[in-house]
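Protein chains in written order, with this note's numbering: chain A, 14 to 320; chain B, 160 to 424.
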C-alpha cells in the first residue's frame, strides 16, 4: 500500500532523512519509532505530500506522491503532531467541512461524519465547540478528521502525545479497531504503544533506519543470553555450587540481599531452565522465595540501537 | 468549485462565530456614522459651509451654485474608504497567519484541494464580509436621497460603491498576502496597514506630476483612482488597476503557499 524507496530529505547541509526504504502492506499497522528529531515527522510529511522529498520516491496505493499528489491526498488521512482543529467550530460542523474538502460526495457527507464520530466516541459531543473539549477529546476529533473520508491509509503522528494514561488506552483501542480496514502508520517514542498495537516496527535514528521487524522478533534477536533471577535463603557458596552444576548454565552470580541471597543465572537462549533451577534449589535444601526470567524488552533494544 | 465553496463557507462562518466580524463592522459603522453626521450637519459640516458659501455668493453677486447631494456623497464615500484602510487589515490579519499557527494549514495542504482553491475561497469570503461591512452605509445615501434637491445622483452613488468594492478587494488581497507570510497576526495586521497606507499616500511622494516618476507614482496611488469613481466616472484604467493589483496579490499569495512546502523544517 505504501512504498518508500530510497527517500532522502535534507535541509541546508544536514540530512533529516537519509536514504530510507520500507513498505507497508494493506491493513497493516506500522510503528514508526525513534527519539525526538530522528526524522519521523519529516518522513510522514513527505508521505502525506506536505513536504517534497530531496530524492527518492514514495508511492501510496500505486500513486507517486510527488507526481500525483492530489490522488494520494484523497487516499490519506493524516493526524499531525498537533491536531489541526478550528476551536470556534462545533465538532460535527468541523468534520463536515473536513469531509467536503477531502472529497467526500455531498450525499455522503452526513453519513461519513456520523461514522467518524461514532468510531471515535464523539457522538455525544457533536454540538460542542471544539475549544470546550478536553485534550483527550480534541485528540479524538483529530483522529476523526483523519478517517472521515474513509482513506486507505491513515498516518498518525504521535497520536497519544500529551494524553493521560486512561486516554492513552482509549486512543490505543481506537487505533486497534481501525486496523484491517485501513493501513496505518503511527509514530511514537512511547514503546509499550508499539508493542501493543503494531504488527511491524521501523526504528529510525538520525534519519536512518536502524531496525525493522515485528516487535517480538526485535526483542528476541537482540537477546544473546537468558537470565533468571532468584531469591534464595541459604549459604552463598553452597548455592553458587549447586546452581553452577545445572546443565546448560553458563554463569552464576550470587550476592547478599537483606536476609536472603540474590542469584542471577545466565544460560543459552534456546533452553528454558526454570524448572531445573527450581528443582535444584529445593532439592539442595534451600528455601526459594522468587524466580523470574528476564527477557530483553523493546525498550532495551531501542536504547541499544539509538544511543 | 465545490472545494472553493467549502473553504469560503467555513471562512465566512468563522468570521461570525468569533467576535472579530462584529467588532470590525460595529467600529466601522460607528466611525463612518459619526463622520457622516458631523461632516454633514456639524458646526463645520457641509451644510454650514454651503450656507456660508451661498451667503457670500449672494452678497458679491457672483459664483454658481453647488450640487449639495453630490458633495455629500463624495465626502461620505471618502470617509468609507479611509475607515476601510484601518479596518480591513483587522479582518484579513488572521487569514493565513492563524491557520499556520494552529497547524490547520498543514491539514489544508495535505487535503485533495489545490492552493488556488484555498486562496480563492479565502479571498471571496473576505470580499463578502467587506460587502456586508459597507452595505449599511447605503442607509446614509438613501437618507440624503430623501431630502435631495437637486435630484439625487444615483449614478454617482453606484459608481462610488463599485469603486469602494474594488478598493476593498485590493486591501483584502493585500492583507491575505501579508498574512500568508507570517505566523503572527499582529505582524500581518500592522504590515498590511503600513503597506496599504503607503499605496494610499504614494502620490504625495511624487516630485511633480510632470516627470515620468511623478506620473508612475500618481498612477500607483490606490486612492487617486478611487476619486474617479466618486465623481461618477467609471474609468477602465482604474478598474484594470484595481483588478490587476488584486490578481497580483492573489498570485503572490499562491506562490507564498507553494513556498511553504519548501521552507518548512
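Cβ atoms here follow ideal geometry from the backbone N, Cα and C, with glycine treated the same way.
Beta carbons nearer than 8 Å to chain B: which residues of the stretch 147-174 of chain A have them? 158
Residue 325 of chain B vs residue 398 of chain B beta-carbon contact at 8 Å: yes
Would the stretch 179-187 of chain A and the stretch 101-113 of chain A be scored as touching if the rule is three or more Cβ pairs under 8 Å? no
In the DSSP assignment, what residue or residues form a beta bridge with residue 221 of chain A? A/218
Got a sec: which bits of the stretch 259-273 of chain B sit with their beta carbon under 9 Å from any beta carbon on chain A, in order along the chain? 261, 262, 263, 264, 265, 266, 267, 268, 269, 270, 271, 272 and 273
Any chain B beta carbon closer than 8 Å to residue 101 of chain A: yes
Straight-line gap, residue 380 of chain B to residue 242 of chain B (C-alpha atoms, nearest Å): 17 Å
Determine the burial state of residue 305 of chain A: buried for a count of at least 16 other Cβ atoms within 10 Å of its Cβ, exposed for fewer. exposed
Candidates B/208, B/175 and B/249, of which the one nearest residue 332 of chain B by Cα: B/249
Compare the beta carbon distance of residue 217 of chain A and residue 45 of chain A with 8 Å and say whether it is the shorter of the two. yes
Between the Cα of residue 174 of chain A and those of A/160, A/318, A/115 and A/199, spot the shortest distance and give me the residue it belongs to. A/199
7 Å Cβ shell around residue 234 of chain B - same chain, five flanking residues per side excluded: 198 and 205
For residue 232 of chain B, I'd like the list of residues in its chain whose CB is within less than 8 Å of its CB, leaving aside the five on either flank, ordered along the chain. 300, 303, 312, 315, 316, 319 and 389
In the structure shown, what three-state DSSP assignment does residue 257 of chain A receive? helix
Cβ-based burial, residue 238 of chain B [other Cβ within 10 Å; buried from 16]: buried
Where do the ends of the alpha helix (DSSP H) carrying residue 27 of chain A lie? Run containing residue 27 of chain A: none in the alpha helix (DSSP H); it sits in the beta strand (DSSP E), 27-37.
Pairs of beta-carbons, one from the stretch 189-203 of chain A and one from the stretch 150-168 of chain A, closer than 8 Å: are there three or more? yes
Burial state of residue 360 of chain B, where buried means 16 or more other Cβ atoms lie within 10 Å: exposed
Taking the alpha-carbon positions, what's the residue 38 of chain A to residue 58 of chain A distance? 19 Å
Out of A/130, A/32 and A/86, point me to the one whose CA is closest to residue 269 of chain B's CA. A/86
At 8 Å on the CB atoms, spell out the chain A contacts of residue 284 of chain B, in chain order. Chain A residues near residue 284 of chain B: none, gap ~13 Å exceeds 8 Å.
Residue 156 of chain A beta carbon less than 8 Å from that of residue 73 of chain A: no
State the DSSP-derived secondary structure class of residue 144 of chain A, mapped to helix, strand or coil. helix
I need the DSSP call for residue 162 of chain A, collapsed to helix, strand or coil. coil
Spatial distance of residue 302 of chain A from residue 249 of chain A (CA atoms): 15 Å
Mind checking who residue 44 of chain A pairs with in its DSSP beta bridge? A/199 and A/214
Same chain only: Cβ atoms within 8 Å of residue 272 of chain A, ignoring 5 sequence neighbours per side: 246
Could one say the Cβ of residue 89 of chain A lies closer than 8 Å to chain B's Cβ atoms, at least one of them? yes
Where the alpha helix (DSSP H) containing residue 233 of chain B begins and where it ends: 227-251
Please classify residue 255 of chain A as buried or exposed, where buried requires at least 16 other C-beta atoms within 10 Å of its C-beta. buried
What residues are listed by DSSP as bridge partners for residue 76 of chain A? A/73
Whose Cβ in chain A lies nearer than 9 Å to the Cβ of residue 162 of chain B? 113, 114 and 116
Proximal residues of chain A, C-beta to C-beta of residue 349 of chain B below 7 Å: What residue 349 of chain B touches in chain A: nothing, since even the nearest Cβ is about 24 Å away.
Nearest to residue 289 of chain B (by Cα), restricted to the options B/417, B/166 and B/181: B/181
Does the stretch 206-216 of chain B touch the stretch 281-295 of chain B, meaning 3 or more C-beta pairs lie closer than 8 Å? no
With which residues is residue 91 of chain A paired in a DSSP beta bridge? A/168
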